[in-house]
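Visitor: So that we are looking at the same thing, I have put the structure below in structure tokens.
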Amino acid sequence: MRRLVAWLILLAAVFPAWSEDVDGLSSILLVAKKDMPDPFFRDSVVLVTHRAGPGPIGIILNRPTGINVSTGVPQAEKRPSNEVVFFGGPVGIEDLVVVFRTKDPPKNVIEVLEGVYMTSRRDLIITLLSRDPPVQDLRVYAGYAGWARGQLEAEVSRGDWLLARADAATLFEKKPEGLWPELFRKSSAKKASHDSSPPRRRGPSADLVTLP
560 MRRLVAWLIL
570 LAAVFPAWSE
580 DVDGLSSILL
590 VAKKDMPDPF
600 FRDSVVLVTH
610 RAGPGPIGII
620 LNRPTGINVS
630 TGVPQAEKRP
640 SNEVVFFGGP
650 VGIEDLVVVF
660 RTKDPPKNVI
670 EVLEGVYMTS
680 RRDLIITLLS
690 RDPPVQDLRV
700 YAGYAGWARG
710 QLEAEVSRGD
720 WLLARADAAT
730 LFEKKPEGLW
740 PELFRKSSAK
750 KASHDSSPPR
760 RRGPSADLVT
770 LP
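Each residue of the sequence shown is one higher than the one before, starting from 560 at the first, in this note's numbering.
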């Protein structure tokens, strides 16, 4: 309950209006501001959820490495030969995190979006990567991002991040190299429109950007 309250406070800090439909936002996308000084997060898009721990947990979506998935997990020989590991964040860089879409989720996984799940369990990751036929919508990340209590709220309040709606298509179908430019452009335009509009009571979700 405490982490859910903290999550709602984070969204309320970004959007001055309040609406009950914020409760349905289990995950959002953080879009880095232009010229962010932190090299880990410069030009990044981060999937953030409140369901994975006591504080917000994030995965950087658009940092592919040159490391093949089968290099990190030898049992992944069934995966496409050009599939690479993504840099998920500077925390726990030696650990893998898998985000995948399925209609039949295994036990002990974290649902970050409807039908989209996350796990860092090594045994389950091996099972997922060795399936034949391969799981189609799946990404492998090394490391993750985490924030101390109040840290992410402070970063958003000072303008380090813009927000966008998270959806499965953005996670699995968009090309990583085009993700930040498109979301930054759309989120910046949406924020400018919001800032110039007269105050009116509306829900936070109305201002979240969704990619076509």
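We put the CB at the ideal spot given by N, CA and C, even for glycine. Computed from a predicted structure; not experimentally measured.
(1) Do you know how far the Cα of PHE646 is from the Cα of VAL564?
(2) Let me know the secondary structure DSSP gives VAL643 once reduced to three states.
(3) Rounded to whole angstroms, what is the Cα-Cα separation between THR661 and PRO693?
(4) Going along the chain, which residues of its own chain have a beta-carbon closer than 7 angstroms to the beta-carbon of SER689, five neighbours each way excluded?
(5) Skipping 5 residues on each side, what residues in its chain have a beta carbon closer than 7 angstroms to that of TRP706?
(6) Please name the residue in VAL699, ALA727, PHE743 and ARG681 whose C-alpha comes closest to that of ASP719.
(7) With DSSP collapsed to three states, give me the class of PRO623.
(8) Throw me the rounded Cβ distance for the ALA701 and VAL644 pair, which I believe falls under 8 angstroms.
(9) Anyone know if the C-beta pair for SER746 and LEU672 falls short of 8 angstroms?
(10) Can you say whether THR729 is buried or exposed, counting buried as having 16 or more other CB atoms within 10 angstroms of its CB?
(11) Which residues mark the beginning and the end of the alpha helix (DSSP H) in which THR608 is found?
(12) According to the neighbour-count rule (16 or more other Cβ atoms, all chains shown, within 10 Å of its Cβ), is GLY709 buried or exposed?
(13) How would you call SER603, buried or exposed, if buried means at least 16 neighbouring beta carbons within 10 angstroms?
(14) For a test of the three-state rule: what should DSSP assign to PHE659, helix, strand or coil?
(15) How many angstroms separate the CA atom of LYS592 from the CA atom of PRO623?
(16) Determine the direct distance from the alpha carbon of LEU722 to that of ASP580, and round the result to whole angstroms.
Guide: On the basis of the data shown:
(1) Bear in mind that a pLDDT of 38 at VAL564, under 50, signals an unreliable position, so the model cannot answer this.
(2) DSSP places VAL643 in the strand class (E or B) of the three-state scheme.
(3) C-alpha separation (whole angstroms): 12 angstroms.
(4) Cβ within range, chain order: GLN634, ALA635 and LYS637.
(5) Spatial neighbours of TRP706 in its own chain (CB-CB distance under 7 angstroms, excluding positions within 5 residues in sequence) are listed in chain order as GLY614 and PRO615.
(6) Of all alpha-carbon atoms in VAL699, ALA727, PHE743 and ARG681, the one lying nearest the alpha-carbon of ASP719 is that of PHE743.
(7) Three-state DSSP puts PRO623 in a strand.
(8) About 5 angstroms; that satisfies the 8 angstroms criterion.
(9) No, they are not a contact pair.
(10) Buried, since its Cβ has 16 or more Cβ neighbours within 10 Å.
(11) For THR608, no alpha helix (DSSP H) run applies; the uninterrupted beta strand (DSSP E) run containing it begins and ends at 604–608, by DSSP.
(12) Counting every other CB atom within 10 Å of its CB across the protein chains shown gives GLY709 a total below 16, marking it as exposed.
(13) Classification of SER603: buried, given that the 10 Å Cβ count is 16 or more.
(14) In this structure, PHE659 counts as strand in the three-state DSSP scheme.
(15) In this structure, the CA atom of LYS592 is about 20 angstroms from the CA atom of PRO623.
(16) Note that ASP580 has pLDDT 40, beneath the 50 cutoff, so the model's placement of it is unreliable and the number below is only indicative. Looking at the two C-alpha atoms, the distance is approximately 16 angstroms.
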